[in-house]
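Student:
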Amino acid sequence: GTSVALSDLTIRDGFSAAGNGGGIELRGEKLSLNFSRINMTDNRLGVLREQDAGAGVAVYAGTGSRLTVTDSSFSGNVAAPYGRGGAIAANGATVVIRGTVLERNAAMDGGAIAVSDSSLTLERSTPTLSPGELQRLGR
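All you need for the numbering used here is the position in the sequence shown, starting with 1, plus 36.
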């Protein structure tokens, strides 16, 4: 598979009017993205109809992909008025989050993180979770 590593950067003000990943969309079998010391801030999904709702405002990880986030920060990412996973959304992916702060992210479902049929591991991370911030569907 293909592996990409990103470190020491900020991804800010990304936007998707329809679809997934206002900041980054990770799609593809055996595709791996490794984040280290990344700030994902103020990314947006701006769909106007619920049937067009996307997922993963900052990062979307699709089927067969792997996302590893280490020592990073996700804040102010919003999927409004519809969408899933203000910071991170995964569908059929493996997601590992270590030493990461998730705060002030918002979405209709899973304000910080939304995973569906995915593996999610949170280690030494600080999600500021209010009701509905973490949504897990499937396995």
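Using N, Cα and C, we set each Cβ at its ideal position, and we do this for glycine too.
(1) When the distance is taken between beta carbons, is Ser111 closer than 7 Å to Tyr77?
(2) Are Gly119 and Arg63 close, meaning C-beta to C-beta below 7 Å?
(3) For Ser152, count neighbouring Cβ atoms within 10 angstroms of its own Cβ and tell me buried if that reaches 16, exposed if not.
(4) Would Arg160 be called buried (16 or more neighbouring beta carbons within 10 Å of its own) or exposed?
(5) Quick one: what does DSSP say Glu61 is sitting in, helix, strand or coil?
(6) Since I believe Val132 is in contact with Ser154 (beta carbons under 8 Å), could you give me their beta-carbon distance rounded to a whole number of angstroms?
(7) Would Asn70 pass as a contact of Val93 if the rule is Cβ separation under 7 Å?
(8) What are the boundary residues of the beta strand (DSSP E) that includes Asn141?
(9) In the DSSP assignment, what residue or residues form a beta bridge with Asn70?
(10) Taking the alpha carbon of Gly38 as the reference point, which residue from Gly50, Asn113, Arg102 has its own alpha carbon closest?
(11) Measure the C-alpha to C-alpha separation of Met144 and Ser108 and round it to an integer number of angstroms.
(12) Give the range of the beta strand (DSSP E) segment to which Tyr96 is assigned.
(13) Assign Asn75 to one of three DSSP states: helix, strand, or coil.
Tutor: The relevant details are as follows:
(1) Position 41 of the sequence shown, counted from the start, is the residue given in the question as residue 77. Position 75 of the sequence shown, counted from the start, is the residue given in the question as residue 111. The residue you asked about is not Tyr; residue 77 is Thr in the sequence shown. Against a cut-off of 7 Å, the Cβ pair of Ser111 and Thr77 comes out as a contact.
(2) Reading the sequence shown from its first residue, position 83 is the one you call residue 119. Reading the sequence shown from its first residue, position 27 is the one you call residue 63. For Gly119 and Arg63, no; Cβs fall outside 7 Å.
(3) Along the sequence shown, read from residue 1 onward, the residue named residue 152 stands at position 116. When all chains shown are included, Ser152 counts as buried.
(4) The residue you call residue 160 lines up with position 124 of the sequence shown. Around the beta carbon of Arg160, fewer than 16 other beta carbons sit within 10 angstroms, so the residue counts as exposed.
(5) To locate residue 61, count along the sequence shown from 1; it is residue 25. Strand, per DSSP.
(6) Locating residue 154 in the sequence shown gives position 118, where the first residue counts as 1. Locating residue 132 in the sequence shown gives position 96, where the first residue counts as 1. Not quite, the Cβ-Cβ distance comes to about 11 Å (not below 8 Å), so this is no contact.
(7) Taking the first residue of the sequence shown as position 1, residue 70 is located at position 34. Taking the first residue of the sequence shown as position 1, residue 93 is located at position 57. Not closer than 7 Å, so no.
(8) The residue you call residue 141 lines up with position 105 of the sequence shown. Where Asn141 is concerned, there is no enclosing beta strand (DSSP E), given that its DSSP letter is neither H nor E.
(9) The residue labelled residue 70 in the question sits at position 34 within the sequence shown. Per DSSP, Ala41, Thr104.
(10) The residue labelled residue 38 in the question sits at position 2 within the sequence shown. In the sequence under discussion, the amino acid at residue 38 is Thr, which differs from the Gly named in the question. Selected option, being the one with the closest Cα: Arg102.
(11) Within the sequence shown, residue 144 is the residue found at index 108, counting from 1. Within the sequence shown, residue 108 is the residue found at index 72, counting from 1. Distance between the alpha carbons of Met144 and Ser108 is about 23 Å.
(12) Taking the first residue of the sequence shown as 1, we reach residue 96 at position 60. First-last of the beta strand (DSSP E) with Tyr96: 95-97.
(13) The residue given as residue 75 occupies position 39 in the sequence shown. Strand, per DSSP.
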